[in-house]
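Residues in the sequence shown are numbered consecutively from 0, following numbering that gives the first Met the number 0. From the three backbone atoms N, C-alpha and C, an ideal C-beta is built for every residue, glycine too. Owing to the predicted nature of the structure, the values given are computational and were not obtained by experimental measurement. Data first, discussion second: the structure below is written as structure tokens.
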Amino acid sequence: MPLSTELRTQPTAKRGKGRLRAALLGGALVAAPAPTPAFAADPAPFELSGPGLNIMVERGKDSLPIAQVPSLAEGDRLTVKADLPEDQGAKYLLVSSFLRGATNPPPKDWISIAQSWKKKAKDNSLTLTVPKGARQMTLFLAPETGGAASTIVDVVRGKPGEFIRATQELNQASLDRSRLDAFMAAIRAQENSHPEFLRSVAPALARSLSMKLNDECLSKVVELQASCLLENKEQLVLADVHSSSIAETLIGTPTDLALQLSATREAGYGFYSPYIGVVRDVAKLFGAFSNPEFDYLPTLGIRRDENVSLLLNKAPSFAKPKSVLVVGMPAIEANSPPRLRSAARGPICVAGTGVGAGVVLPAEGAPLIYSTAYARNMTLELTAPNGETVEWPVQARADRGGYVVRSGDPLPAAFKGSLKGHLYGYWGFDRFEGPDFTLQAPGDGNWTIEGEAPTLVVGRDNGLTLTGQAPACVEGVTIRQGDGPPQSLGWKVQGDDRLALTLPLAERRPGDVKIEVKYQGVPTPSVIALKAYAQASRLDALSIHAGDGVALLSGQRLDQVAAVDLAGLGFAPGELVRDGSVDRLQLRASGNGGVPLKAGDQATARIRLKDGRSVTLPVTVAAARPRVTLLSRTITPGKTDGRPLILSGEELLPDDGRLVFSVRAGEGGAFRADDMLEVAAADGAPSVRLGSGKGLSLSGPDVMVATLDAAALAPASGALRFRLVRGVETGDWQPLVTLARLPHIDGVACEGAQCTIKGRDLFLIDAVDGVAVAQGFTGSSLSVPAPKGGKFPIRLRDAKDQTVELRAP
0 MPLSTELRTQ PTAKRGKGRL RAALLGGALV AAPAPTPAFA ADPAPFELSG PGLNIMVERG
60 KDSLPIAQVP SLAEGDRLTV KADLPEDQGA KYLLVSSFLR GATNPPPKDW ISIAQSWKKK
120 AKDNSLTLTV PKGARQMTLF LAPETGGAAS TIVDVVRGKP GEFIRATQEL NQASLDRSRL
180 DAFMAAIRAQ ENSHPEFLRS VAPALARSLS MKLNDECLSK VVELQASCLL ENKEQLVLAD
240 VHSSSIAETL IGTPTDLALQ LSATREAGYG FYSPYIGVVR DVAKLFGAFS NPEFDYLPTL
300 GIRRDENVSL LLNKAPSFAK PKSVLVVGMP AIEANSPPRL RSAARGPICV AGTGVGAGVV
360 LPAEGAPLIY STAYARNMTL ELTAPNGETV EWPVQARADR GGYVVRSGDP LPAAFKGSLK
420 GHLYGYWGFD RFEGPDFTLQ APGDGNWTIE GEAPTLVVGR DNGLTLTGQA PACVEGVTIR
480 QGDGPPQSLG WKVQGDDRLA LTLPLAERRP GDVKIEVKYQ GVPTPSVIAL KAYAQASRLD
540 ALSIHAGDGV ALLSGQRLDQ VAAVDLAGLG FAPGELVRDG SVDRLQLRAS GNGGVPLKAG
600 DQATARIRLK DGRSVTLPVT VAAARPRVTL LSRTITPGKT DGRPLILSGE ELLPDDGRLV
660 FSVRAGEGGA FRADDMLEVA AADGAPSVRL GSGKGLSLSG PDVMVATLDA AALAPASGAL
720 RFRLVRGVET GDWQPLVTLA RLPHIDGVAC EGAQCTIKGR DLFLIDAVDG VAVAQGFTGS
780 SLSVPAPKGG KFPIRLRDAK DQTVELRAP
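This is the structure:
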């Protein structure tokens, strides 16, 4: 069920609890509409300045201002004084009360009263000792009237549980307000100094202080970013891990006064929504015991050193009912510092001469270290490998996302390489242990190659891992070859002592290469000398069949092969073909000699490369490839409606004709049922495979008859060849016939010594009776001399070494 629907359908008590929870989410959810009484005016934020307090806390021999005290303890001594202007007209009673439990009213001597307008310190201030068993402390500022003190005492002792809860929530709301103030102050400071950096600073502030950031603001022009980020500030504060709300436990208490004090506009227009829930909670509590004499007004305390400035969301009243200001104090409990965690993604560099000022220690998980003074005297302790230590003071910076070293003494000589860093200080009166960090300082040693030196190969990128001290302090890495300019390289830090590089050698030549690694603050780089080679040939296999004078070598970079020797027979490189990432190099026997190779023989081929290196490769001689012999051919021309050309012999296959040819298996061989004949043009055009039932028939065990329609090879022309295909093995290519495209002759007319040949596709004729036809001829008739023997000898462009004839009329 959607939240808004759920809230509307619940009973009044549960509905109120749901609204408070939604409000405490800081605008992430829209609260359901609440009934607003007629007397509820426009809501007021906590921005009305009230009176102040001066509070110091002593524990043992230590004394701290209240801003540095996250919690009180039994036996603590407090000095509390109202901070009022000299011309203060209204007289305020300063009342303190210790509380010990919701069902256990405090004794009367736990409640103390001072008259702030008196001159003597013993009369106008409170000197208190936290009694044993106390769990909470609340302060009140009440206008002096007859009986005011006794009325407050009776109320506190009558309902202590409500004041315990109210104090807890007011104290937490003050802490949340401190985060909001820190965020807004940082944004305004950045706007006044360098507004162009808000795009990077604002997200860091939001992460540090656990604030809600409107990302759309950062896409605006620089001048509008700050104002956009500070809009709807009531929605900025998000829940902290230490936050809680008594809205989770309060149900059924009066709501009229809550609405009067903290009515909110719906749909995200509330003021300080995290505090609205708190005010409603407290108002519900106070609403149960308000009377015509006094009205209890919640305050937020902004703590700076020993000063507590009170913020109100309603002007106090000095007429009946008079306003009693309620001030929440830290809980009386064991100290509970936050779990501060390191947010470093790797080692942190301590660069330069050893002065660490400005070094950032990323930390997360504790927004209050940025917005309060609870964490004090924070220090970074550095430990060298030999156990020697130094300490640097640090400062929390929300805009930098952690603690920043304020100033650092030069590091002793022992502080090189990886150093252990520990953050510590005090949380209130107690020791506060922060996270550990790994820091690094440049050492004196050079960078070296991890493991054995790799063979760098040009023509591709090469990976390289270096080892050395303080990779986090590396400022730059370059590659240089010869006298050429250096080229910057990217790198990745791996562990505490390694750099991972990618060397771009795709466009470089073989030769000496230098890698230079430069530290921050160190003028002389560390140089690693390497050598890059041309990529060596990768030899996968050499295949050769018994009786063959050709072999096939497969691998990579076979263009570097100069010669091959196999069993005394030399082979020279021939055609190189690249098949995907594999090279295939044809080798042809370059002379006679050598030992005849039989199927199954084991031999070793010695491959000599062009750079002088030699590589050996084992070879197993494969069985002889299938061989066939052409027996006979019969060519049948196609039918034509024009004057036919006369073909002579069995060497010319017209493009509309049919070829029937027979072949015989090699000596002692026989054909298999899956054997095929492949026919293709010599120029590498697509081939046709004839198989059993598809143009191929067995005439006997060793004879096959093939039928081929010339149209199956279209648009191929010229010399045709064929070979036997048996599984993955193929025989040698052998010449078959010449495929020729024929012109269409419509007729011939002669007058005297001249004749005219008419037809289509006459451009296929190369010459008629010795008279050449121009290339690209597009006419439909040719004028030629009359033939001497009654026939025109015609030479075709597809078969210039053969002649066809055309009869004259």
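About 3 Å separates the beta carbon of residue 442 from that of residue 468, a gap short enough to meet the 8 Å contact definition.
If you keep only unbroken beta strand (DSSP E) runs of at least 3 residues inside the stretch 588-673, you get 601-608, 613-619, 627-635, 651-653 and 657-664.
For residue 370, the enclosing alpha helix (DSSP H) covers residues 367-370. Residue environment for residue 317: exposed (fewer than 16 other C-beta atoms within 10 angstroms of its C-beta). In the DSSP assignment, residue 732 forms no beta bridge with any residue. Between the C-alpha atoms of residue 399 and residue 137 there is a straight-line separation of about 36 Å. For residue 199, the uninterrupted alpha helix (DSSP H) run begins and ends at 197-208, by DSSP.
By the neighbour-count criterion, in which 16 or more other beta carbons inside 10 Å mark a residue as buried, residue 134 falls on the buried side.
Here residue 80 is actually not in contact with residue 103; their C-beta atoms are around 29 Å apart, not less than 8 Å. In the three-state reduction of the DSSP assignment, residue 79 falls in the strand class, which pools E and B. Around the beta carbon of residue 415, 16 or more other beta carbons sit within 10 angstroms, so the residue counts as buried. When DSSP states are grouped into helix, strand and coil, residue 166 belongs to the helix group. Taking 3 residues as the minimum length, the beta strand (DSSP E) runs contained wholly in the stretch 494-570 are 497-503, 510-518, 525-532, 537-542, 549-555 and 560-565, in order along the chain. Comparing C-alpha distances from residue 559 to each of 752, 584, 578 and 748 shows the shortest one belongs to 584. Sequence-distant Cβ neighbours of residue 740 in its own chain, meaning closer than 7 Å and more than five residues away, are 654, 716, 763 and 797. By a beta-carbon distance limit of 8 Å, residue 745 does not contact residue 624. Their separation comes to about 49 Å. Minimum Cα-Cα distance from residue 777 among the listed residues 783, 789 and 761 corresponds to 761. Nearest to residue 536 by alpha-carbon distance, out of 117, 647 and 612, is 612.
Of 505, 766, 465 and 396, the smallest CA-CA separation from residue 491 is found for 465. Inter-residue distance for residue 321 and residue 390 is about 55 Å (C-alpha atoms, whole angstroms). Counted as a single uninterrupted DSSP element, the beta strand (DSSP E) harbouring residue 696 occupies residues 694-699. Ranked by how close their Cα comes to the Cα of residue 82, the residues 773, 616 and 124 have 124 in first place. Pairwise C-beta distances place the stretch 56-72 out of contact with the stretch 99-117, as fewer than three of them are shorter than 8 Å. By the Cβ-count criterion, residue 168 is buried, with 16 or more other Cβ atoms from all chains shown falling within 10 Å of its own Cβ.
Fewer than three pairs of CB atoms, one per stretch, sit closer than 8 Å, so the stretch 702-710 makes no contact with the stretch 753-760.
Checking the DSSP bridge columns, you'll see residue 703 partnered with 662 and 697. Residue pairing from DSSP leaves residue 414 without any beta-bridge partner. Within the DSSP secondary-structure output, residue 420 pairs in a beta bridge with 381 and 436. Excluding the 5 residues flanking it on each side, residue 428 has same chain C-beta neighbours closer than 7 Å at 58, 61 and 63, in chain order.
Less than 8 Å divides the Cβ of residue 596 from the Cβ of residue 545. For residue 117, same chain residues with a beta-carbon under 8 Å away, outside a window of 5 residues either side, are 123 in chain order. Apart from the 5 residues on each side of it in sequence, residue 732 sits with its Cβ closer than 6 Å to the Cβ of 720 and 722 in its chain, given in chain order. Residue 448 is positioned such that its CB atom lies closer than 8 Å to that of residue 527. Residue pairing by DSSP places residue 389 opposite 381 in a beta bridge.
The alpha-carbon separation between residue 727 and residue 659 amounts to approximately 26 Å.
The criterion of a C-beta distance shorter than 8 Å is satisfied by residue 502 and residue 463.
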